[in-house]
Amino acid sequence: MQPVWKRFGVSSSSLKRQLTGFRGLIKWQKTLAPGCIRSIYSETGKWESNYTRETRKRVEKWWFPRIKEQFCKISETDKSKPKFYVLSMFPYPSGKLHMGHVRVYTISDTIARFQKMRGMQVINPMGWDAFGLPAENAAVDHGLHPVTWTQSNIRHMKEQLNGLGLSFSWEQEITTCLPDYYKWTQYLFIKLFEAQLVYQKEALVNWDPVDQTVLANEQVDENGCSWRSGAKVEKKYLKQWFIKTTSYAKAMLDALSDLPDWYGIKEMQANWIGDSVGCYLDFMLKVDGKVTGEKLAAYTYTPEAIYGASHIYILPDHRLLHGNSSLKEVFQREFIPGKDSLTSVTAVNLLTNQEIPVVISAKSDFQNSLDTKIGIPSTNPEDAAVAQNLGLPFTEVLEVLPDGLEKVINSGEFTGMTRQEALKALTQQARSKEVGGDLTSDKLRDWLISRQRYWGTPIPIVHCQTCGSVPVPYEDLPVVLPNVTTFTGKGISLLQTVPEWMNCLCPRCKGPAKRETDTMDTFVDSAWYYLRYTDPHNCDRPFNKDLADYWMPVDLYIGGKEHAVLHLYYARFFSHFCHDQKMTKTKEPFHKLLVQGLIKSETFRLTTTGQYLKREEIDLTETGPVHVKTKEKVQVTWEKMSKSKLNGIDPEKFVQQYGIDTMRLFILFAASPEQDILWNVKTDAIPGVQRWQIRLWSLATNLIKARASGTLPNPELLSKNDKAEARKIWENKNLTISEVTNDFTKNYMLNAAVSRLMSLSNTLLQASQPLMLHSVEFEEALATLCIMLAPMAPHIASELWKGLVHVQNKLCTRYNWDADVLQQSWPKVDPEYLQQPDILEMSVLINNKACGKVNIPHQAAQNAEEVHELVLQSELGAKLLKGRTVKKAYLSPRTALVNFLVQE
C-alpha cells in the first residue's frame with residue numbers, strides 16, 4: 001500500500017515542512033478526502049502509532065470533559081471510609097491566574113487524584129479570599145462597585161481553573177465577601193468578644209491627611225508619602241479593635257512539638273511567637289489619688305515577683321502621651337526628654353492592689369515589641385538602678401535557700417512558695433480574675449484587625465452611650481454592608497456616610513446607638529475558612545461539628561512561604577479557640593504543610609530609571625544586556641512572575657502551545673515543590689517531558705503491535721535470559737511502586753516521582769520483542785506505569801490505558817480492565833517482593849568497570865552513604881579502594897549497582 005502522502009500527491013519533504021506548525025497541519029488535512037482526518041483510538045477504535053501535536057490535542061479534547069466528571073463529589077460524607085483533606089491556599093480574585101497559581105493547584109490536584117485512587121474519600125476544595133483593599137481601589141479607579149469587580153473576576157478565574165482540568169470539589173466552594181460566609185465570621189468574632197479575647201484601644205496608624213483614610217504599610221512609599229494622594233503620611237492614634245492572640249501564645253508554641261516536620265516553618269512559627277516567659281498584668285490609672293477609669297496592661301518577665309514592683313515604665317511615644325487619653329496633658333507636662341521622668345500618675349495592680357508610680361523612660365525603645373513594662377528591682381538590675389535614681393521604694397521578694405532553691409517572700413498568699421509554684425499560682429489567679437496572666441513573649445503583640453475601609457466584614461458591634469460596646473445579637477447576623485454607590489477613596493468615612501445603616505438601636509437598652517464602622521482585616525476571613533469548607537452550606541452554624549471532626553485536620557496544606565508566619569499563626573489561633581469552645585475535636589488545623597517555591601523569571605530594568613522592559617527590547621550582547629533602542633545597560637534580576645514586571649508567562653498560552661499534561665508534568669518535574677523554579681533555566685524540562693510522553697506512547701504502540709501479530713503469548717516460550725530480564729522488570733516495577741508511593745505520601749518529592757516513572761519507562765523500552773510478546777511482567781509493569789502516571793498527566797494516561805484495555809490476549813488479570821485508569825486502585829508492592837531475602841547482591845564498578853559483587857542488607861540498598869560505607873568495609877572494597885581517593889559514588893538501586901569514580 002502506498003504511503004498516504006503519495007496517494008494524495010504530497011511529497012514527504014513537503015509533508016514534513018507543513019507539519020512543523022499547527023497551521024501547516026490543518027492545511028495538509030484539507031488536502032485529504034472527507035472523513036480521513038487522523039484521530040485517536042477512543043474515537044475510532046484504531047490505534048494511532050505516533051504521538052504528534054495533533055494527537056495530543058485530540059487526546060486532551062476527548063478526555064477533558066470525561067475526566068472532569070469522574071472526580072468524586074462529596075454530596076454526602078461516608079464516615080465509614082478513610083478521608084483525605086488536601087487544601088491549597090485560596091486565591092484573591094484578581095481576575096487572572098498566574099503560573100504560581102497553576103503550580104500550587106497542580107500539586108494539590110495531583111495529590112487529590114492519587115489519594116482517591118488509594119480508596120480515600122477526598123475533598124480538594126476551592127474558594128475566594130474576596131474582601132480586601134485591591135477590589136476597593138479598583139472600584140475607586142473604575143467607578144465600579146467592589147462586588148461587581150469581585151464577582152466578575154471570580155467568574156473569569158473559575159473558567160480558567162476549569163480550563164486546566166483541575167479536580168476541585170466545587171460543591172464546597174466558598175466566597176468570603178458573601179453574607180452567607182461573613183455572617184459566621186461575625187459569629188466567631190462575637191464568640192471571641194464573649195470570651196474577652198476582643199478589645200478596643202488606641203493604636204498608632206498611617207494617616208493620609210488628604211484622603212482622610214488609614215493606609216496599610218505597603219501603601220506608604222519609601223519617602224513616607226501616600227501611594228494615592230502623594231501627601232506626607234502622618235502617624236496618628238486611632239481607636240482600633242484587637243484580638244487577644246497573645247492569650248494562646250504558650251499553647252500554640254507548645255503544640256508545635258506534636259506536629260510533623262514542616263520544613264523549617266515550625267521554627268519560623270516558634271520564632272514569631274517567642275518564648276513565653278512572662279505575662280501582661282492589668283492596672284487602673286489614678287492621678288492625684290483619683291481613679292481615671294483608664295486601664296493599662298504592662299508586661300513583666302517575672303510575674304512571681306510582682307509584689308516587689310517599684311514602678312511602671314512607658315516609652316516617650318506611648319499612646320498615653322500622644323493619643324486621646326485624658327492623661328495626655330499630665331504626661332506631656334511632666335515628661336523631661338533625655339531622662340527618666342517620674343510622673344504624678346500612679347497605677348493600681350488589679351491583682352495585688354499595690355499602687356506604684358508611672359515613669360516615662362529616657363529610652364526610645366525597650367526590648368522587642370514592648371512599650372510598657374513593670375519595673376521589679378529584685379529581678380532586674382536595670383529596674384533597681386531606675387528605682388534608686390528616682391528614690392522609689394520597693395520590697396525584696398525573693399530569698400535563696402541553702403540548697404540554692406529560690407522561694408517567694410513578702411508576697412501575700414504566695415509567700416513561701418518556690419518561684420515556679422508562685423509563677424503558676426499567680427498567673428492562674430490573674431487569669432481567673434480576668435486581669436491578665438496569660439504567659440506570652442515580649443515580642444508578640446495582639447492582632448490589630450480594624451480596617452477603615454468599606455470592602456470587608458463589618459465588625460458586629462453597636463456603640464451605646466449608656467451600655468458601651470455591645471455585640472449584635474446572634475439572631476440579627478449578618479450585619480450586611482450597606483449598598484454604597486460612590487467610592488471616593490476616603491474609606492474611613494465611607495460607612496459613616498450611610499446614616500440609615502450606621503444609626504440603630506442598642507440591642508441591650510433599646511436606646512439610640514451607632515454601628516461600628518471599622519471592617520475586619522481579611523486575615524480574619526482566611527483564619528477559619530478551612531472549617532467552613534467541611535460544611536459550606538450550613539445556614540444554622542459556621543459548620544457541623546460531626547463533619548468538622550470527620551474531615552479535620554487538613555491532611556495536607558499547600559501554599560506559599562510568604563504566608564507561613566502570619567496567616568498560619570492566625571489560622572492556628574482560630575482553630576485552638578474553636579477547640580476550646582467545644583466546636584471542634586482537634587486543636588491544630590493542619591497536619592502536614594507543603595510550602596511551594598516561587599516561579600521566577602528574568603526581569604530587565606533600565607539602570608537609570610528602574611523601568612521594566614520586555615525581553616524582546618533587550619540586546620543580549622557579549623559585554624552584557626543593553627536596551628535595543630538606547631544601548632543603555634540593563635539590570636537583570638530573577639523575580640517572581642508579575643504583569644507589572646513584564647516577566648509573566650500566561651498559563652492559557654502555555655496550555656494552548658504545549659497542552660495540559662505537558663504543563664502539569666513540567667511543573668512537577670522541574671523542581672521539588674519547595675524550590676523556586678527559574679523559568680528561563682528550567683524550560684529545558686519542557687522538551688524532556690514532551691519526549692517522555694512520546695516514549696510512553698511508543699510503549700503502548702509496541703505492545704499493541706506485538707499482541708496483534710497473530711502469535712499467541714506464551715510465557716513458557718521465554719528463554720532463561722528472557723526470564724531473568726522479566727524478573728528484573730518485575731523488581732523494577734515493585735521498587736518504583738514503593739518509591740513513588742513514598743514520594744506521594746512522605747516527602748512529596750513529586751519531581752522524584754516523575755523521574756522514577758521515567759526510569760521505569762526506559763527499562764521497558766529496552767525490553768526484547770519476545771519479552772513484550774510473552775511476558776506478563778512487561779504487561780503488568782506497563783499497566784502499573786500508566787496508573788501511576790494518571791494523577792500527574794490524566795489525559796494521556798487515560799488514552800494509553802484505553803489502548804491497553806483492547807490489547808489482544810492480555811496476560812495481566814490484576815487490574816479492572818472495564819474501568820478507566822483514574823478508577824483503578826493505586827498499585828501495591830507484590831508480597832513476594834516484600835519477602836525477598838534481607839541480603840542483596842550489589843554490583844561494584846570502579847571508573848565504570850565491573851570489579852565484582854558485594855552483599856548489602858536489603859534495607860540499606862537505597863541509601864548511597866550506607867552502601868558506600870559497606871562496600872569500603874567489604875573484602876572487595878578493602879582490596880580495590882583502600883588508599884584511593886573516591887571522587888564520587890553513583891548508586892542505582894533499581895539495577896543493584898554502585899559505581900565509584902576514583903582518582904587514578
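Residues 1 to 904 in UniProt numbering are what the sequence shown lists, from first letter to last.
Backbone N, C-alpha and C define an ideal beta-carbon position, used for all residues, glycine too.
Endpoints, beta strand (DSSP E) assigned at residue i
i: V524; result: V524 -> not in any beta strand (DSSP E); alpha helix (DSSP H) instead, spanning T522 to D525.
i: W638; result: V634 to K640
i: I649; result: Segment: none, I649 is in no beta strand (DSSP E) and carries neither H nor E.
i: P381; result: Taken as a continuous stretch (DSSP letters only), P381 belongs to no beta strand (DSSP E), being part of the alpha helix (DSSP H) at P381 to L390.
i: H322; result: From DSSP, H322 is part of no beta strand (DSSP E) but of the alpha helix (DSSP H) over R319 to H322.
DSSP three-state assignment for residue i, whether helix, strand or coil
i: I376; result: coil
i: T623; result: coil
i: H142; result: helix
i: I26; result: Reliability of the predicted coordinates at I26 is poor, the pLDDT of 34 falling under 50, and the value obtained from them is presented with this limitation in mind. It is helical.
i: M126; result: coil
i: V886; result: strand
i: V902; result: strand
i: F283; result: strand
i: I336; result: coil
i: K424; result: helix
i: S411; result: coil
i: D434; result: One detail in the question is off: residue 434 reads as Glu in this sequence, not Asp. If DSSP states are grouped into helix, strand and coil, E434 belongs with coil.
i: V740; result: helix
i: I660; result: helix
i: T31; result: Reliability of the predicted coordinates at T31 is poor, the pLDDT of 33 falling under 50, and the value obtained from them is presented with this limitation in mind. In this structure, T31 counts as coil in the three-state DSSP scheme.
i: E617; result: helix
i: V210; result: coil
i: E406; result: strand
i: N855; result: strand
i: A850; result: strand
i: V330; result: helix
i: Q367; result: coil
Residue i - containing alpha helix (DSSP H), residue span
i: T150; result: P146 to G163
i: G688; result: A685 to R707
i: M252; result: A249 to A255
i: H868; result: A864 to Q873
i: T185; result: P179 to E194
i: K266; result: I265 to I273
i: E43; result: Y41 to T44
Residue i - partner residues in DSSP beta bridges
i: R605; result: Y612 and Q635
i: K61; result: K61 pairs with nothing; no bridge assigned.
i: S892; result: L897
i: K232; result: C225
i: K746; result: According to DSSP, K746 bridges with nothing at all.
i: L665; result: None, per the DSSP bridge assignment.
i: Q200; result: W241
i: T346; result: K286 and P357
i: A309; result: DSSP, once it has assigned bridges, lists no residue as partnering A309.
i: E399; result: K407
i: A297; result: D282
Short CB-CB distance (under 8 Å) between residue i and chain B
i: Y529; result: Looking for chain B here will not work: only one protein chain is present.
Given 8 Å, three or more beta-carbon pairs between the segment 227-245 and the segment 548-556: no
Ordered list of alpha helix (DSSP H) runs contained in the segment 759-844, each at least 4 residues: 769-774, 776-789, 794-805 and 831-834
Length at least 3, wholly inside the UniProt domain "Aminoacyl-tRNA synthetase class Ia" (444-602): the beta strand (DSSP E) runs in chain order: 461-464, 468-471, 503-505, 512-515, 554-560 and 590-596
Touching by the beta-carbon criterion (3+ pairs, under 8 Å), the segment 270-278 and the segment 327-341: The segment 270-278 vs the segment 327-341: no contact.
Cβ contact check for the segment 53-68 and the segment 789-801: 3 or more pairs under 8 Å: yes
Segments assigned alpha helix (DSSP H), at least 4 residues, entirely inside the segment 85-117: 99-117
Sufficient close CB pairs (3 or more, under 8 Å) joining the segment 409-418 to the segment 327-336: no
Cβ contact check for the segment 429-445 and the segment 352-362: 3 or more pairs under 8 Å: no
Cβ contact (3+ pairs, closer than 8 Å) linking the segment 280-289 and the segment 463-482: no
Cβ contact check for the segment 674-692 and the segment 728-745: 3 or more pairs under 8 Å: no
Contact the segment 703-720 vs the segment 757-774: 3+ CB pairs below 8 Å: yes
Inter-stretch contact at 8 Å, needing at least 3 Cβ pairs: the segment 644-652 / the segment 594-612: In short, these stretches touch, since the Cβ pair count reaches three.
The segment 814-832 in contact with the segment 107-122 per 3-pair CB rule at 8 Å: Yes, they touch.
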